[in-house]
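Colleague: Residue 6 is where the sequence shown starts when you use our numbering, and the numbers rise one by one after that. This is the structure I want to talk about, given as structure tokens.
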Amino acid sequence: MAAPIPPLLKEQFPEVEEYVRIANISWDPKVIVEYGDKAFNEDQFLMVDPSFFTVFDYKLISGSEGSVLSDIYSAVITVSNAEKYFGEEDPVGTIIRVDGEYDFEITGVITDPPFNSHFEYDFLISFENLERMYGKGSSQSWGGFNYFAYLLLKENVNWSVLEKKIKEIKLEVRSGYTVSFGSLVLQPLTDIHFQSNRGNQKPAYNMSYIYIFLAIALAVLVIASINFINLTTARSEKRIKEIGLRKTIGASRRQLIFQLISESIFVAFIAMLIANILLLIISSLIIFKQLNYVYHTDLGLDKEHVVNVSVYGKADSNKINLFKEEVKNSPHVL
């Protein structure tokens, strides 16, 4: 969404309890974060509304939900990154520098996002930094659909009914400028795993593949069942004498059925064990061949003693020519 839309929706529709806007700190998601003599390239440095901590259930290890992003110079760091930058030191109250230009004070530590979350973060700062990072007027630009947006609806609100109401409105946001939301689409958070959305940092899983694999699995199961019935029918002639003898000595119908089903289950169980031993052997061979290919295939270039150096941020890019000259003069560089 554009930055001004979520606040407007909360203002116009009582069904909307709260909103959260999320954006990368810059157009290029990679920034250099420095603390003391440590510097790392980070690509999960996000701007969020402070309501992030009430709409989502990510837990703060230290700091208060109402104050950790109280101003544009405060930042929250994940547990894993706190260890990476500060070790055993308490990060709260320390200052980090971003791209050699922006300073932020760590005011809180938050749990790492779980693996199955559809977005990730390492650092969080206030969305109020938008004007500072993206340029003046960014927060009031109705044409910049560059930001993730989440709406928390009140209890018992039908999201599809709300979507229709939103699509119908037209508002004059300033003199002579009217906005409408005919193309706006709401998506329940629980649908994001299987339905693509611009707001996903991670790609959604394609349901078509799941249906295809399900169809293949059912087809294999049906074929296996038919084969099993055919084999059982073919063996039935050999079992007639046995079944007749058991009936003669007093076996009941229930006992015969139980025997035949038990035998079938036992055979299926043994077959499953053999099949699993074979899913393991074949997979191991395939993995071995793939790794062997990766390690020994001819890449068409000499990768030994070759170093790749990534350069991010204005400060480093301005010194690139000086860096190249120094590298050329090094006796260790060919």
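Backbone N, C-alpha and C define an ideal beta-carbon position, used for all residues, glycine too. All figures in this text were calculated on a predicted structure; none of them were measured in a lab.
1) Go through its chain and collect everything with a Cβ distance to Leu74's Cβ below 6 Å, but skip five positions before and after it.
2) Using 10 angstroms around the beta-carbon of Val338, count the other beta-carbons present and answer buried if the total reaches 16, otherwise exposed.
3) Counting along the chain, where does the alpha helix (DSSP H) carrying Asn326 start and finish?
4) List the residues that DSSP assigns as beta-bridge partners of Val184.
5) Hey, which unbroken runs of the alpha helix (DSSP H) at 4 residues or more fall wholly within the stretch 36-81?
6) Taking the alpha-carbon positions, what's the Ala222 to Val162 distance?
7) Using 10 angstroms around the beta-carbon of Gln17, count the other beta-carbons present and answer buried if the total reaches 16, otherwise exposed.
8) Count the C-beta pairs between the stretch 110-126 and the stretch 60-79 that are closer than 8 Å, then say yes if the count reaches three, no if not.
9) Which stretch, first to last residue, makes up the beta strand (DSSP E) that contains Gly113?
10) Hey, is the stretch 17-31 in contact with the stretch 85-93, meaning 3+ C-beta pairs nearer than 8 Å?
11) Per DSSP, which residues does Val103 bridge with? Please list them.
12) Here's the rule: buried if 16 or more other CB atoms are within 10 angstroms of the residue's CB, otherwise exposed. What is Asp79?
13) Assuming Lys207 and His123 make a contact with CB atoms under 8 Å, what is their CB distance in whole Å?
14) Quick one: is Pro336 buried, meaning 16 or more other Cβ sit within 10 Å of its Cβ, or exposed?
15) Compare the beta carbon distance of Glu20 and Val36 with 7 Å and say whether it is the shorter of the two.
16) Provide the residue span of the alpha helix (DSSP H) that contains Ile217, from first to last.
17) Taking the straight line between their C-alpha atoms, what separation do you get for Ile30 and Glu133?
18) When you compare each of Glu247, Ser185 and Asp196 to Trp147 by their alpha carbons, which one comes out closest?
19) For Ala273, count the other beta carbons within 10 Å of its own beta carbon; 16 or more makes it buried, fewer makes it exposed. Which is it?
20) According to DSSP, is Asn134 part of a helix, a strand, or is it coil?
21) Name the two residues that bound the continuous beta strand (DSSP E) containing Tyr298.
22) Alpha carbons only, please: which of Gly71, Ser257, Lys329 and Trp32 is nearest the one belonging to Asn313?
23) Have a look at the DSSP bridge pairing and note the partners of Val25.
24) Where does Phe274 sit, in a helix, a strand or coil, going by DSSP?
25) My guess is that Gln200 and Pro9 are in contact by the Cβ rule of under 8 Å, so how many angstroms apart are they, rounded?
26) Three-state secondary structure (DSSP) at Leu191?
27) If the criterion is Cβ atoms closer than 7 Å, does the pair Arg102 and Asp108 meet it?
28) Applying the criterion that 16 or more other CB atoms from any shown protein chain within 10 Å of the CB defines a buried residue, is Pro34 buried or exposed?
29) To the nearest angstrom, how far is it from the Cα of Thr59 to the Cα of Ile215?
30) Taking Val53 as the reference, which of Lys15, Asp127, Asp104 and Glu93 has the closest Cα?
Modeller: Quick look at the numbers:
1) Its chain contains Pro55 and Ser131 as the residues whose beta carbon lies nearer than 6 Å to that of Leu74, once the 5 sequence neighbours on both sides are disregarded; these appear in chain order.
2) By the neighbour-count criterion, in which a residue is buried when 16 or more other Cβ atoms sit within 10 angstroms of its Cβ, Val338 is exposed.
3) In the DSSP assignment, Asn326 falls within the alpha helix (DSSP H) that extends over Ile325 to Lys333.
4) Val184 is bridged to Leu176.
5) Secondary structure within the stretch 36-81: the alpha helix (DSSP H) runs of 4 or more consecutive residues, fully enclosed, are 57-60 (chain order).
6) When only Cα atoms are considered, Ala222 and Val162 end up about 39 Å apart.
7) When all chains shown are included, Gln17 counts as exposed.
8) The stretch 110-126, when compared against the stretch 60-79, does touch it at the 8 Å Cβ threshold.
9) Annotation for Gly113: the continuous beta strand (DSSP E) segment containing it runs Tyr107 to Ile115.
10) No, the stretch 17-31 does not touch the stretch 85-93.
11) Val38 and Tyr107, per the DSSP bridge assignment.
12) It should be noted that the sequence gives Ser, not Asp, for residue 79. Result: buried.
13) 5 Å between Cβ atoms; contact.
14) Exposed.
15) No, Cβ-Cβ distance for Glu20 and Val36 is not below 7 Å.
16) Its alpha helix (DSSP H) spans residues Met212 to Thr253.
17) Looking at the two C-alpha atoms, the distance is approximately 11 Å.
18) Ranking Glu247, Ser185 and Asp196 by Cα distance to Trp147 puts Ser185 first.
19) Label assigned to Ala273: exposed.
20) In the structure shown, the three-state DSSP call for Asn134 is helix.
21) Taken as a continuous stretch (DSSP letters only), Tyr298 belongs to no beta strand (DSSP E), being part of the alpha helix (DSSP H) at Leu284 to His301.
22) Distance from the Cα of Asn313 is smallest, within the candidate group Gly71, Ser257, Lys329 and Trp32, for Lys329.
23) Val25 pairs with Tyr155.
24) If DSSP states are grouped into helix, strand and coil, Phe274 belongs with the helices.
25) The pair is not a contact, with the Cβ atoms about 26 Å apart (cut-off 8 Å).
26) It is coil, neither helix nor strand.
27) In this structure, Arg102 places its C-beta atom within 7 Å of the C-beta atom of Asp108.
28) The residue in question, Pro34, is exposed, as its Cβ has fewer than 16 Cβ neighbours within 10 Å.
29) About 34 Å.
30) Residue Asp127 is the option with its Cα nearest to Val53.
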